[in-house]
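Sequences listed follow chains E, H, A and B, in order.
Each residue of the first sequence is one higher than the one before, starting from 292 at the first, in this note's numbering.
Each residue of the second sequence is one higher than the one before, starting from 292 at the first, in this note's numbering.
Each residue of the third sequence is one higher than the one before, starting from 292 at the first, in this note's numbering.
Each residue of the fourth sequence is one higher than the one before, starting from 292 at the first, in this note's numbering.
I have placed the structure first, in the form of structure tokens, so that the comments after it can refer back to it.
4 protein chains.
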Amino acid sequence: MPVSRESSEERVGVLLVGLGALSSTLIAGIEAIQQGTAEPIGSLTQLYRCNGDSNDQALKDVLPMARLSNLEFAAWDIFSDTAYESATKAAVLDPTVLEGVRSRLEELRPFKAVVDSNSVRRLKGQHVKAGSLLEQSQELEAEIQAFKEARDLDRMVLVLANSTEITHERGEEAQSRAKFEAALRAGSEKVTASMIYAYVAIKLGVPVVNCTPSHCLELPAITEFANEMGVPLCGKDLKTGQTLMKTILAPGIKARYLGLSGWYSTNILGNRDGEVLDDPESVKTKVNSKLSVLDSILEPTRHPELYGNFYHKVKIDYYPPRGDNKEAWDNVDIFGWMGYPMQIKVNFLCRDSILAAPLVLDLVLLTDLANRTGWKGHQDWLGFFFKSPLLEDQTQPVHDLFRQHIVLEDALTRLRKQNTVRLVETKSATA
Amino acid sequence: MPVSRESSEERVGVLLVGLGALSSTLIAGIEAIQQGTAEPIGSLTQLYRCNGDSNDQALKDVLPMARLSNLEFAAWDIFSDTAYESATKAAVLDPTVLEGVRSRLEELRPFKAVVDSNSVRRLKGQHVKAGSLLEQSQELEAEIQAFKEARDLDRMVLVLANSTEITHERGEEAQSRAKFEAALRAGSEKVTASMIYAYVAIKLGVPVVNCTPSHCLELPAITEFANEMGVPLCGKDLKTGQTLMKTILAPGIKARYLGLSGWYSTNILGNRDGEVLDDPESVKTKVNSKLSVLDSILEPTRHPELYGNFYHKVKIDYYPPRGDNKEAWDNVDIFGWMGYPMQIKVNFLCRDSILAAPLVLDLVLLTDLANRTGWKGHQDWLGFFFKSPLLEDQTQPVHDLFRQHIVLEDALTRLRKQNTVRLVETKSATA
Amino acid sequence: MPVSRESSEERVGVLLVGLGALSSTLIAGIEAIQQGTAEPIGSLTQLYRCNGDSNDQALKDVLPMARLSNLEFAAWDIFSDTAYESATKAAVLDPTVLEGVRSRLEELRPFKAVVDSNSVRRLKGQHVKAGSLLEQSQELEAEIQAFKEARDLDRMVLVLANSTEITHERGEEAQSRAKFEAALRAGSEKVTASMIYAYVAIKLGVPVVNCTPSHCLELPAITEFANEMGVPLCGKDLKTGQTLMKTILAPGIKARYLGLSGWYSTNILGNRDGEVLDDPESVKTKVNSKLSVLDSILEPTRHPELYGNFYHKVKIDYYPPRGDNKEAWDNVDIFGWMGYPMQIKVNFLCRDSILAAPLVLDLVLLTDLANRTGWKGHQDWLGFFFKSPLLEDQTQPVHDLFRQHIVLEDALTRLRKQNTVRLVETKSATA
Amino acid sequence: MPVSRESSEERVGVLLVGLGALSSTLIAGIEAIQQGTAEPIGSLTQLYRCNGDSNDQALKDVLPMARLSNLEFAAWDIFSDTAYESATKAAVLDPTVLEGVRSRLEELRPFKAVVDSNSVRRLKGQHVKAGSLLEQSQELEAEIQAFKEARDLDRMVLVLANSTEITHERGEEAQSRAKFEAALRAGSEKVTASMIYAYVAIKLGVPVVNCTPSHCLELPAITEFANEMGVPLCGKDLKTGQTLMKTILAPGIKARYLGLSGWYSTNILGNRDGEVLDDPESVKTKVNSKLSVLDSILEPTRHPELYGNFYHKVKIDYYPPRGDNKEAWDNVDIFGWMGYPMQIKVNFLCRDSILAAPLVLDLVLLTDLANRTGWKGHQDWLGFFFKSPLLEDQTQPVHDLFRQHIVLEDALTRLRKQNTVRLVETKSATA
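Pasting the structure below:
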């Protein structure tokens, strides 16, 4: 990929699947930061300080990352609301804050959403593409290409930020690119909207960031295709709220060799996400994503006396009064010297989109950087951001937030080295 | 120090200053573990599994650490209660549990405590040494030596586990060994009981572990003397309960670049420690020890937009109904994307002595190992165990529990290498 | 009913259906109180002080209630464990406490339980009656009569303290005594074990106290029969833990005219009760019992601006690490002046059987007193003790704990008057 | 007092001492209610529905209370900010909400505050009266009279809503009106600003509502003067937040005869009130006001086995990040059957001024009604609203919120009767 512009001038398109609370909060924040009325709180790419440098530089100034001012947004949604209308309904941000970024948000009206045979039945939104799955995918492809040209973009990243999908049993369609394409042509029930977005993105050489619990990036059909096309992937399910807290606390308990007899977690949330999760099928997808983290951190087989027999329960409840302000309550039963029990209770009054938005920004910039650097397939080093990190070799992921942070820092160091070399090479070549 | 026995046969004396809840819980647990009725929950030396080994060995089997069966206890206290009587009054352990270890606990009756000019005024305990400070220190020295001979010990470790002392302004006595000895002879008000215990231990080549917030191991007079004598030191103030939780949570908040606007911590505890801390002078010593941790972890100067302006308050309240079951409540005010506030509340229903006892065991074994390996002065690598880690060069300590754990693991690797060499050398020498 | 003994000498039999955690804790406590090693904490009959009296007498000394020393216990259970074995397994009480009351508990071995067509399928206990429903009911009747004679009892009370039953749609069997008896003879699936216990008790003139959420005392067949026989009834579902707290807090919120937008309640419990409630059918019975209380207290139709639109969710989760120590977490979203939102979080670490046992004692004594006084049918005035108070006229019950207390006090005053008269009359008659 | 207007037309002046968060929130809310953009949430006078009436009328329509549209406000403050400026600084209400009531708030600019010899030293506000205490009191008197005339008022009520004052030892000045006036003339250190406001109000026949912990209304000098002048008084210290919660929970614990071993309460708040309470002298006044409630509710002498030995601790901490959003955390240690311990934790995220404002409205209307009805001296029946209710006979007040509510309802019934009579009489007289 020839870099025709100075790296700081490169323009990157962000293709948002879902223009709900998360996407609108992301764009509002990016606009506010550019206006100088907000700091990029929660964003590693914007705030990380490189250690050991005499001048303590920010990561974004050390690595050739896209500048916030060079990001361009497109979106797809089942409602036709502009980002401003969507943000107003989501009520994550105060009216006065929204007013300040109104014009930027009003500019963005979504394309019609891709719908699969299942979602078409359940959803009430009517802003959806017509035609067969294949026709929808072709329309999507054309929209993305037109967007790229219209905005004169160097590269793009697709972000899955849509509602939680039902998980199907894997069938033929998952096994290879050819079989997936056959299923797509046949309009198979197993092909979900997320799979179509991911497939089209890869086809166009666009990396995919999966912020949702959807299984789409785990299908061999998709991962092989991504490797074939040299496209980076990462997912799944942003680590915010309760699971974030869990992957902070559990390593601490383990570092002190305290035993665990039980961990009870309940979540209450009142946004569209919560409403979808009130459906028992959808909640199963989500809860499974949340349950796996403790085993990986605590290693029960290595420490049977400490973690051989703990009871872990995770509940998610739709509770409208909370709105987008998710709330988690955890009760953790630990035991210490001579087996004596102790308890930790954590009540986290958090905000879903506020915690997630900076992660999306980081993932867009880092996945784009990986793409630019020539890294492809699952980006294991981005596990830091996800509840269920997907690994290239499909082994058990690390969930301990602090180990994930170390892995991330290692990768950033490698990216720095490779990009220095590339920059030097590019300069030589252009000289 | 000639090692006459097989390392696994070496006998180590544990000199306990204070035979209250903590010391009696420690001994009860060690006895129960030997009886096979308890696991050494909370103890890194007993439960740490060495990574990468084909056989996943426990640390205690890899390093030449003293075996639990080879530990011998002596104690000093202002009450004449045996360890059994003391444990019964402390009510940390259930009567049925205590019954199982009764004979071991009944064996241990403390020597009379050293008292300084200040404590002698306040304390109600009457089991104290008579005479001048110098005479008391000489009596202590004789007791330790007699104990060593009587039990045929190879080495010893002194553990400060007494009540929180008042902190004096440093004066002349702190500046050098000679000046300290002069102050001791003169019976200066500035010389506290803890200083005398530490001084006599060092004089006898015995390492000192300071589990309390006392400043005694920070005096230049003491640290120089320890280096001169080749004696390891470590402290201060065991990291349990709320501060432990804080040094787990704060690194997690920082890893995600979330801002902090305030952290309010309150503790309620009802044991003798709590009663002493009801005294405003004593509580000051303790609260200062607790306040420093956040700055070191969050680095406000590097991240002024996140941590430049947070309000940190720590309260300790004596609350008898809680007994030894310390309880902490923390309210943490954080902020995220676009400055939106969120809250974390942590209620930790913990047990002071249950959390502390395994740390004391680890510190005894690791400090003894350091001593045996020839390491001297402040053991920076043991910061993992302390609220206010003391460093040899008196720089700012690391408080992040996970970074402390990495530092500890590094030191364990070094200890392993040096002891392999030493063991090889010893074997050659004895061959 | 001729009172042959002095009222203080009268002997009352307590027929316990279910000899689990609750029943064994009740008997253990009554024994400990008689031994003088415990106070009757939580018991209104034992601790209530009559106002206005010069000598501030206890209720139990003012009303002709059975003395604790005159209570005799029988039990029925699906396990053959004695009360001591059952208490040991339930682990509500400490071993040392149990030891002190061991002989009394060991005396009590339950009769085989009545089983219906549904429970017989699910239950693992094998200590059950053989034969048809009718045969079982006849066996039960014989056991009760034999017990009465053997212990020379004046009166009896039957207490339903068994596990939560499935709720059936009402059918023919509910409509009249005759139809119920026909269903019993036919071995109908609609006839549950609880109904059989209640039916037999009433037949024998024995009052029934329903501590469980079972619907048995609501069937017209049963209530009519009780009125016919002159037998008092009361129920249902003891008000302990979270619902108790809710009926304390909600009246307080209302007294201050604060609005309510939502109330989220979650319960974790690990005892046999919790295990049964893990079954979605059983939990429905229980949750419905818990949901109704708020409407009755808050009166949404009278105060639509405050309570016209609140969201109430109640969850019960089986969580074994908690054992009998039930734990509740409530999040209450209220709003005040100008609609501003505020939150109340309540975390109640309670003990199921400890809270319930004194209520059972009170209900036995008060229902027996009602019986002795000639009151029959549903005892509305005992609503104070129940989650879902049953009223004679089947209208909406009062749930506000404080209003319930006032109603109870009124009834106690009436009981006092009537019993004074009766005592006087009895004396005249016997004179 | 001749009632020249229809009672619904009568104009009542509200004299606000202190124009901070509370006063400005009160006025903003009253304006919003009149505009129809807010409901009078939290106000008994506006929302109470009279029982038993066929038409379920609101209290405000049954009793001849002042209408919200007929209230006129004056204020005194140590800052010259208008109510709008003050509300903006207090940040209790959102900017958009404030905008809607801006013009009403901007109209109100306070008179200069009265300052005593102590406050004059501490306060930074410079909007204070000059001259001796006597001169200040004369200026105040003139201001009130001018205000009454300018607004054509029928009656007035003075509300003490200023910052917590230091409590002095009572001296001569407290003993009689004459001695108080002598002390005022002499400029005695014992005479506080609150006393002067109260004294001048009474002198002008204006009732006084004391929302603060100040002792001014307890002085015999003041209470005698009020009775002499026929003026009603009430106080002290509005019952909001933690104490409100305590007087809801404690009666519930007692109704169930559960024992109490300890109650630990901590408060964090960040408004001007919190800042003043950071001063150890002021906090003492406040904490004493909070400590007394439990004894009165639990009656330890009647129930020594339950309440004879509980430990009660109340802490107030200034914590700026919380702003006006006061937060309380309570840990309540109770015990039940056989002495088994249980715990209740309550975390109340409340808003100080939002909870207090409707109480001030109610107190103004009810005290004015008392005044209109001819009731004088301390209004015992208003104890419902206060942390430390003042009684006419200085006996121990009732603190149980539910008993206070019953007392209040009784008084309302009496007021209804007396006012019906009066209305009839008035009509006759005017006929």
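Heads up, the beta-carbon is just placed ideally off N, CA and C, and yes, glycines get one too.
According to DSSP, is H:THR701 helix, strand or coil? For the record, residue 701 of chain H in the displayed sequence is Asp; it is not Thr. Looking at H:ASP701 - three-state DSSP - the assignment turns out to be helix.
How about B:GLY333: is its C-beta nearer than 7 angstroms to some C-beta of chain A? So yes, B:GLY333 belongs to the interface.
Nearest chain H C-beta to B:ILE369 closer than 7 angstroms, yes or no? At a cut-off of 7 angstroms, the C-beta of B:ILE369 has no neighbouring C-beta in chain H.
Which residues in chain B have a C-beta closer than 9 angstroms to the C-beta of E:THR387? List them in chain order. Result: ASP385, PRO386, THR387.
Bridge partners - A:ALA669, DSSP secondary structure assignment: Sequence check: residue 669 of chain A is His here, not Ala. Paired residues: A:LEU524.
Mind checking A:ARG705: buried by the 16 CB within 10 Å criterion, or exposed? Looking at its Cβ environment, which holds fewer than 16 other Cβ atoms inside 10 Å, A:ARG705 is exposed.
Taking only beta carbons into account, state which residues of the region 590–608 of chain B come closer than 8 angstroms to chain A, listed in chain order. Within the region 590–608 of chain B, those residues whose Cβ lies closer than 8 angstroms to any Cβ of chain A are, in chain order, ARG593, HIS594, GLU596, LEU597.
Would you call the CB atoms of B:GLY333 and A:TYR631 closer than 7 angstroms? B:GLY333 places its beta carbon 7 angstroms or farther from that of A:TYR631.
For E:THR316, the first and last residue of its enclosing beta strand (DSSP E): Annotation: E:THR316 is outside any beta strand (DSSP E); the continuous alpha helix (DSSP H) that includes it extends over 312–326.
Chain A partners of E:SER552, CB-CB under 9 angstroms? Ordered by position in chain A, the residues that pass the 9 angstroms Cβ test against E:SER552 are PRO611, PRO612.
Is it right to say H:CYS641 is buried, meaning 16 or more other beta carbons lie within 10 angstroms of its own, or is it exposed? Buried, since its Cβ has 16 or more Cβ neighbours within 10 Å.
Just to confirm, is the Cβ distance from H:LEU551 to H:TYR490 under 7 angstroms? Going by C-beta atoms, H:LEU551 is not nearer than 7 angstroms to H:TYR490.
Are the region 326–340 of chain B and the region 471–478 of chain B touching, with three or more C-beta to C-beta distances below 8 angstroms? The region 326–340 of chain B makes no contact with the region 471–478 of chain B, as fewer than three CB pairs between them are under 8 angstroms.
With 7 angstroms as the threshold, decide whether the Cβ of H:TYR631 is near any Cβ in chain B. No, H:TYR631 lies away from the interface with chain B (no Cβ there is under 7 angstroms from its Cβ).
Determine the chain H residues that contact E:GLN325 at a beta-carbon separation under 9 angstroms, and present them in chain order. The premise fails here: E:GLN325 is roughly 13 angstroms from chain H at the closest Cβ pair, so nothing lies under 9 angstroms.
Chain B residues whose Cβ lies nearer than 7 angstroms to that of H:GLU566: None at all; the shortest Cβ gap to chain B is about 12 angstroms.
Could you tell me whether the Cβ of B:TYR488 comes closer than 7 angstroms to any Cβ of chain A? No, B:TYR488 lies away from the interface with chain A (no Cβ there is under 7 angstroms from its Cβ).
Give the secondary structure of A:VAL294 by DSSP, where H, G and I count as helix, E and B as strand, and everything else as coil. Reliability fails at A:VAL294, whose pLDDT of 46 lies under 50, so the model's placement of it is uncertain and the value that follows must be treated cautiously. Note: A:VAL294 maps to coil in three-state DSSP.
Under 7 angstroms from the C-beta of H:LYS636: neighbouring residues of chain B: Here the neighbours are ASN638.
Which residues DSSP lists as bridging A:PHE438, in chain order: Beta-bridge pairing links A:PHE438 to no other residue.
Determine, for B:TRP628, whether the minimum Cβ-Cβ distance to residues of chain A falls below 7 angstroms. Among the CB atoms of chain A, one or more fall inside 7 angstroms of the CB of B:TRP628.
Exposed or buried, A:ARG711, counting other C-beta atoms within 10 Å across all chains shown (16 or more means buried)? According to the sequence provided, residue 711 of chain A is Thr. The question's Arg does not apply to it. Around the beta carbon of A:THR711, fewer than 16 other beta carbons sit within 10 angstroms, so the residue counts as exposed.
With a threshold of 16 other CB atoms inside 10 Å of the CB of B:SER299, please say whether the residue is buried or exposed. Its Cβ having fewer than 16 others within 10 Å, B:SER299 is exposed.
Would you verify that the beta carbon of H:TRP620 is, or is not, closer than 7 angstroms to some beta carbon of chain B? By this cut-off, H:TRP620 is an interface position.
Below 9 angstroms between beta carbons is the criterion; list the residues of the region 293–319 of chain H that meet it against any residue of chain E, in chain order. If the cut-off is 9 angstroms between Cβ atoms, the region 293–319 of chain H has THR316, LEU317, ALA319 near chain E.
Taking the straight line between their C-alpha atoms, what separation do you get for E:PRO542 and E:PRO591? Their Cα atoms are separated by approximately 13 angstroms.
Should H:GLY674 be labelled buried (16 or more other beta-carbon atoms within 10 Å of its own) or exposed? By the neighbour-count rule (16 or more Cβ atoms within 10 Å), H:GLY674 is buried.
Run the proximity test for A:PHE438: is its beta-carbon closer than 6 angstroms to any non-hydrogen atom belonging to the ligand SAH? Of the ligands one can find in the structure shown there are none, so the ligand SAH has no counterpart to examine.
Applying a beta-carbon distance threshold of less than 7 angstroms, which residues of chain B neighbour A:PRO688? Using a Cβ-Cβ cut-off of 7 angstroms, A:PRO688 is close to nothing in chain B; its nearest Cβ partner there is about 17 angstroms away.
Beta carbon of H:GLN670 nearer than 7 angstroms to that of H:CYS525: Less than 7 angstroms separates the beta-carbon of H:GLN670 from that of H:CYS525.
Give the C-beta separation of E:ILE645 and A:ASN622 to the nearest angstrom, bearing in mind that I take them to be a contact with Cβ-Cβ under 8 angstroms. 19 angstroms between Cβ atoms; not a contact.
DSSP on H:ILE457, reduced to helix/strand/coil? Looking at H:ILE457 - three-state DSSP - the assignment turns out to be coil, as it is neither helix nor strand.
If we define contact as Cβ-Cβ less than 7 angstroms, is E:THR373 a contact residue for chain A? With its beta carbon at least 7 angstroms from every one in chain A, E:THR373 lies outside the interface.
Local conformation of A:SER505 per DSSP, three classes: Per DSSP, reduced to three states, the secondary structure at A:SER505 is coil, with no helix or strand assignment.
Counting only beta-carbon separations shorter than 7 angstroms, does B:ASP624 have a partner in chain H? Output row for B:ASP624: interface = yes.
Could you tell me whether any Cβ in chain B is nearer than 7 angstroms to the Cβ of H:GLY559? In the sequence on display, residue 559 of chain H carries Ile and not Gly. Yes, contact with chain B.
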